[in-house]
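Heads up: the protein sequence lines correspond to chains A and B, in order.
Heads up, the first sequence is in the UniProt record's numbering, so the first residue is 1 and it goes up one at a time.
Heads up, the second sequence is in the UniProt record's numbering, so the first residue is 1 and it goes up one at a time.
2 protein chains.
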Amino acid sequence: MANLRFLRGYNDAVVLGLARSGAVTRVELADRSGLTPQAVSKVVSRLIDDGLLVESGTRNVGVGKPRTLLKLVADSRLALGAQVERDELRVVLTDLAGTVLDRAVAPLPRDFDPPTFVEELNRLVDGLRSERLRGERLLGVGIGFVGPLDHRTGVVHYPTGLTEWQDVPLRALAEQRLGLPVVLDKDTNTAVVAEAWRRGEELRDAVLVLVGTGLGIGMLLDGRVHRGVRTNAGEYGHTTLQLDGPPCVCGRSGCIEALHNLAAARGDLVEATDIVGVAVADLVQLLDIDHVVLAGRAVLAEPAAYRDGVRARLPKDEWLPVDVSITPLGDDVVAAGAAMLLLSEFYGRPR
Amino acid sequence: MANLRFLRGYNDAVVLGLARSGAVTRVELADRSGLTPQAVSKVVSRLIDDGLLVESGTRNVGVGKPRTLLKLVADSRLALGAQVERDELRVVLTDLAGTVLDRAVAPLPRDFDPPTFVEELNRLVDGLRSERLRGERLLGVGIGFVGPLDHRTGVVHYPTGLTEWQDVPLRALAEQRLGLPVVLDKDTNTAVVAEAWRRGEELRDAVLVLVGTGLGIGMLLDGRVHRGVRTNAGEYGHTTLQLDGPPCVCGRSGCIEALHNLAAARGDLVEATDIVGVAVADLVQLLDIDHVVLAGRAVLAEPAAYRDGVRARLPKDEWLPVDVSITPLGDDVVAAGAAMLLLSEFYGRPR
DNA sequence: CTTTTTACTACACGCCGTTGCTTTAATCGG
DNA sequence: CCGATTAAAGCAACGGCGTGTAGTAAAAAG
Chain A
1 MANLRFLRGY NDAVVLGLAR SGAVTRVELA DRSGLTPQAV SKVVSRLIDD
51 GLLVESGTRN VGVGKPRTLL KLVADSRLAL GAQVERDELR VVLTDLAGTV
101 LDRAVAPLPR DFDPPTFVEE LNRLVDGLRS ERLRGERLLG VGIGFVGPLD
151 HRTGVVHYPT GLTEWQDVPL RALAEQRLGL PVVLDKDTNT AVVAEAWRRG
201 EELRDAVLVL VGTGLGIGML LDGRVHRGVR TNAGEYGHTT LQLDGPPCVC
251 GRSGCIEALH NLAAARGDLV EATDIVGVAV ADLVQLLDID HVVLAGRAVL
301 AEPAAYRDGV RARLPKDEWL PVDVSITPLG DDVVAAGAAM LLLSEFYGRP
351 R
Chain B
1 MANLRFLRGY NDAVVLGLAR SGAVTRVELA DRSGLTPQAV SKVVSRLIDD
51 GLLVESGTRN VGVGKPRTLL KLVADSRLAL GAQVERDELR VVLTDLAGTV
101 LDRAVAPLPR DFDPPTFVEE LNRLVDGLRS ERLRGERLLG VGIGFVGPLD
151 HRTGVVHYPT GLTEWQDVPL RALAEQRLGL PVVLDKDTNT AVVAEAWRRG
201 EELRDAVLVL VGTGLGIGML LDGRVHRGVR TNAGEYGHTT LQLDGPPCVC
251 GRSGCIEALH NLAAARGDLV EATDIVGVAV ADLVQLLDID HVVLAGRAVL
301 AEPAAYRDGV RARLPKDEWL PVDVSITPLG DDVVAAGAAM LLLSEFYGRP
351 R
């Protein structure tokens, strides 16, 4: 189904997305979006009325009237993002450009239950909210949680290590307590949203590899996050890499995660990063992506080693080079991505 | 970029897609599409004017005016599809519903060159065209080719075993010779299009596994074929399944394809199907899909064995069952899918 | 200063789905 | 048997989308 509201929202999002990557002009927006100059003028004037864009000077390119520069008003809209791990809650405040403005971190009790969590979330959110925010600039809160969960319904199913979380409608609970719109997604998905939102059209096919105690990936395919039928895509840690390998906690044998963690426990960084390299090379080949972003505690402890380990296993001299990078957002990537996921609900391309 | 033409085309495609799955009524179309009843009425009247739909009786559901049944006029539009293998060319004629109406098969000379191929394609196309087709019912020709190739540009790059095919603009060559619109895609992609086009909304996240001399997959993710940055996605045969496994023709070790073909050569069908099972289970977990379709010469020789081998490796008693099936199109699946890919260029959802 | 070139906008327009209402055709209730 | 009720579908007016045409604004070039 598509109607005129969809049409407008879609084109608004296209223009805003291009504007996010830096100062632009109407002419350039028309060229890069495929919209006619008239349509761009209308869209831009809507966005200026909403306070999302401002005109900021001119740029001269040869003869003729100079182009009017347009700039995103990054702090016209803000969002909060949370990362929930088994022992820690992190909440960050980001602006429309995806810049992290502030953060708060608090420990979570062992095997915490939903009410405890919602209260703690509310406490951190209130702290960040009261300092800066007057008026309606704060759009809502995104939550990046460990899986499995359902992004569409906002229900957490049964994450390992959290016995009190059996089919908990977290999105509804959080919306009620915080009085703000809430979106819920898997941590790996919010992380890849962070990269996609900040890098824009440059990043359309990418994988974000999150290496911590487990190994999960977030997939950006053709400009959209791939979540699968039940938001369960990206469980890459338990993919078989060695048929007769060592047993894994998941019950099967020779999983990527088992091989990686064994090598890491031995202190064999070369072997550990090589495992990740082989796994990523398989992914690149399967999905035909041109960007790989590495993140997670293990990677951030030894960024160069993991980056080089992955690069070494990727095919060289290829007609399509694969860009391998470490997330510039560091420990904030999941929480910041959750905030950007919420921003994208309002200002991203509608479905 | 989106405009009113896009809007109309999109909604037309939505309605036509629903109509493809059997006789429906305007009310049901409105319910299932999310469009308003008036919008459906307008769309349907457009489609009737174009000869794509007809009213065919009524259906009574309780009180009130009975619903008018609508039926797809399947033979109002036809398309041809070709499958190109290293030793054989197959061309089929399908209607708008994806039903195969006719076929022609011809051997191809060893290491055939582009001109030879285009002439042979033209000969088979002409044969199928002259028998049935008067007027403008034939929309064009789809070609499913072995990779690597570029779907967007229509250029075949450098398929192994075909030394005369270095960056050949096959789509342009074929369009010129045949005088018909042509689309080009990898064989695995056209095969998954065949399943998607025929099964409609029921199939939104699926993998088609094509097991022949190699092993490739076609991915349908969130209702769209995933091709990757350079139409190279789905090269699954050379994914590592055993780190220290036997050497593969690709230069690496322990690839799925190498393990499978070794087992098959030994005549060990259980082992061969189990390898495919493990590989598919990994895929299902990674992509979170709910449908697996098996196809290809090896599978069609022992369909039950492959189907059961795959089922055995998939997680059981899961909250999300995975449906495993054999393609009902048999040897035609790639060629028929190529025809449906062409149909979808005209009557599928626009990008 | 005039001409040329380029950026941008004002406004009428065609066409999209939507809204409100009417017509059509069945069942239901007496 | 027949009016009341219910549901499907069409008609007409409408708001809003991007588009096309024509015009204005602001620079460089001559």
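Built from N, CA and C at the ideal position, the CB exists for glycine as well.
For Leu78 of chain B, the closest alpha carbon among the candidates B:Glu345, B:Ala339, B:Val118, B:Gly348 is that of B:Ala339. For Asp282 of chain A, the C-beta contacts it makes with chain B under 7 Å involve Thr239, Thr240, in order along the chain. Cβ atoms of Pro181 of chain B and Gly140 of chain B come within 8 Å of each other, at about 3 Å. Within a 10 Å sphere around the beta-carbon of Trp319 of chain A sit fewer than 16 other beta-carbons, which makes this residue exposed. According to the DSSP secondary-structure assignment, Met219 of chain A is paired through a beta bridge with A:Val207. Judged by DSSP in its simplified three-state form, Pro303 of chain A adopts helix. The segment 223-233 of chain A makes contact with the segment 274-290 of chain B, as at least three CB pairs between them are under 8 Å.
Ser45 of chain A is classed as exposed because its beta carbon has fewer than 16 other beta carbons within 10 Å across all chains shown. Contact with chain B is absent for Arg199 of chain A, since none of that chain's Cβ atoms lies less than 8 Å from the residue's Cβ. Out of A:Gly142, A:Val225, A:Lys71, the CA that lies nearest to the CA of Ala172 of chain A is found in A:Gly142. Among the CB atoms of chain B, one or more fall inside 8 Å of the CB of Glu235 of chain A. Runs of alpha helix (DSSP H) with 4 or more residues, each lying fully within the segment 268-299 of chain B, are found at 269-287, listed in chain order. For the segment 139-208 of chain A, the continuous beta strand (DSSP E) assignments of 3+ residues that do not extend past its boundaries occur at 182-186, in sequence order. Among the bridge pairs identified by DSSP, Gln242 of chain B is matched with A:Gln242. If you check each beta-carbon in the segment 214-228 of chain A against every beta-carbon of chain B, the ones closer than 9 Å belong to Ile217, Met219, Leu221, Asp222, Arg224, His226, Arg227, Gly228.
Between Val14 of chain B and Ala30 of chain B, the C-beta gap is not smaller than 8 Å, which leaves the two residues out of contact. Residues of the same chain with a CB within less than 8 Å of the CB of Glu202 of chain B, apart from the 5 flanking positions on each side, are Ser21 in chain order. As the crow flies, the alpha-carbon of Glu257 of chain A is around 14 Å from that of Arg266 of chain A. For Gln38 of chain B, no CB of chain A lies under 8 Å from its own CB, so it is not counted at the interface with that chain.
Gly34 of chain B and Val61 of chain B have their alpha carbons spaced roughly 21 Å apart. With contacts defined by Cβ atoms closer than 8 Å, Leu283 of chain A and Thr327 of chain A do not form a contacting pair. In terms of CA proximity to Val24 of chain A, A:Arg59 leads the group A:Asp332, A:Arg59, A:Val43. Shown here for Arg90 of chain A: same chain residues with a beta carbon closer than 6 Å to its own, the five before and five after excluded, namely Gln83, Val105, Ala335 in chain order. Between Gly237 of chain B and Leu208 of chain B, the C-beta gap is not smaller than 8 Å, which leaves the two residues out of contact.
Look at the segment 179-211 of chain B: the residues with a C-beta under 9 Å from a C-beta of chain A are Arg204, Asp205. The continuous beta strand (DSSP E) containing Ala106 of chain A extends over residues 100-107.
Counted as a single uninterrupted DSSP element, the alpha helix (DSSP H) harbouring Gly337 of chain A occupies residues 333-347.
Residue burial annotation: Ser56 of chain B is exposed, with fewer than 16 other C-beta atoms found within 10 angstroms of its C-beta.
For Asn232 of chain A, the neighbours in chain B by C-beta distance under 7 Å run, in chain order, Asp288. Short of 8 Å from the beta carbon of Asp308 of chain A, and not among the five residues preceding or following it, lie these beta carbons of its own chain, in chain order: Thr273. For Lys42 of chain A, the enclosing alpha helix (DSSP H) stretches over residues 37-49. Annotation for Ala263 of chain A: no beta strand (DSSP E) segment contains it, though the alpha helix (DSSP H) segment containing it runs 256-265.
Exclusion of the five residues before and after Trp197 of chain A leaves Gly98, Met340 as the residues of its chain whose Cβ lies within less than 6 Å of its Cβ. Just so you know, the alpha carbons of Val333 of chain A and Glu175 of chain B end up roughly 48 Å apart. Under the Cβ distance rule, Tyr10 of chain A counts among the residues neighbouring chain B, one pair being separated by less than 8 Å.
When secondary structure is reduced to three states using DSSP, Ser76 of chain B falls in the helix class.
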